[in-house]
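In the working numbering, the protein residues as written are 13 to 263.
Even glycine gets a Cβ: it sits at the ideal position worked out from N, Cα and C.
Keep in mind the model is a prediction, meaning the values are calculated, not measured.
This report concerns only the one structure given below.
So this is what it looks like as structure tokens:
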């Protein structure tokens, strides 16, 4: 992150001091601001009501913060100009690489989706998911550890056309391909391991991910088991066998 900021500052002839101490102060302001409601003047110095003023100026001036934010938001100078997600892809890729290198997943992992709310600024692709608290924004499919709660992998949903070119899409339907990528790229595959080294991981997902095809592909391609509630993706589901079993079972 510091390298990205210093390179962009140099390109814009910003002669300010951008060092590790400044990066820590910027991140402090960024994360501390999350606890305040939208529209709060975080650099206010006058108390209103019972709450003391945030007065983030004690850490970093507002002008300095905006310069850090501007240079960071431009992304690395080496990013491909044709990539519409170049301003954030390096952050997502870096996060994923860090998690894979530093966190070993437990036997239980969970897949779901997250929305990064649209705030009126530019965004390469907008998704609308009505049931979400923030229904409009960038959708991210993610995988997390079911025991620790640590997020292990993020995948940007870049639109139907771009997603169709991703790994596994030429072999499986979109939902199954997405689930495979999350597990594969997080390093959960166990087919290459000796029997005594296998964790026998279980991946749990809601109805968007769930289906016979997904369970079959995960087990065959990665050696990962799957549990999920099937609603519409019931192709290959042994419904006739279940009906027979239920009709012959004493109640």
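Checklist entry - Could you give the residue range of the alpha helix (DSSP H) that holds residue 256? => result 251-260 is the span of the alpha helix (DSSP H), which, as asked, contains residue 256.
Checklist entry - CA-CA distance, residue 106 and residue 76? => result 25 angstroms
Checklist entry - Does the distance from the C-beta atom of residue 238 to that of residue 215 stay below 7 angstroms? => result With respect to residue 215, residue 238 sits close: the two C-beta atoms are nearer than 7 angstroms.
Checklist entry - What separation, rounded to the nearest whole angstrom, lies between the Cα atoms of residue 192 and residue 153? => result 12 angstroms
Next on the checklist: Checking 7 angstroms against the spacing of the C-beta atoms, do residue 236 and residue 195 come in under that value?
Outcome noted: yes
Next on the checklist: Which of the three DSSP states is assigned to residue 202 in this structure?
Outcome noted: coil
Checklist entry - From residue 131 to residue 148, what distance separates their C-alpha atoms? => result 9 angstroms
Item to check | According to DSSP, residues forming a beta bridge with residue 166 | outcome: 154
Checklist entry - Going by other Cβ atoms of all chains shown within 10 Å of its Cβ, with 16 needed for buried, is residue 208 buried or exposed? => result exposed
Next on the checklist: Does the structure place the region 43-57 close enough to the region 108-121 that three or more beta carbon pairs sit under 8 angstroms?
Outcome noted: No, they do not touch.
Item to check | Distance, residue 128 Cα to residue 70 Cα | outcome: 29 angstroms
Item to check | residue 237, enclosing beta strand (DSSP E) - first and last residue | outcome: 237-240
Item to check | Alpha-carbon spacing of residue 225 relative to residue 251, whole angstroms | outcome: 15 angstroms
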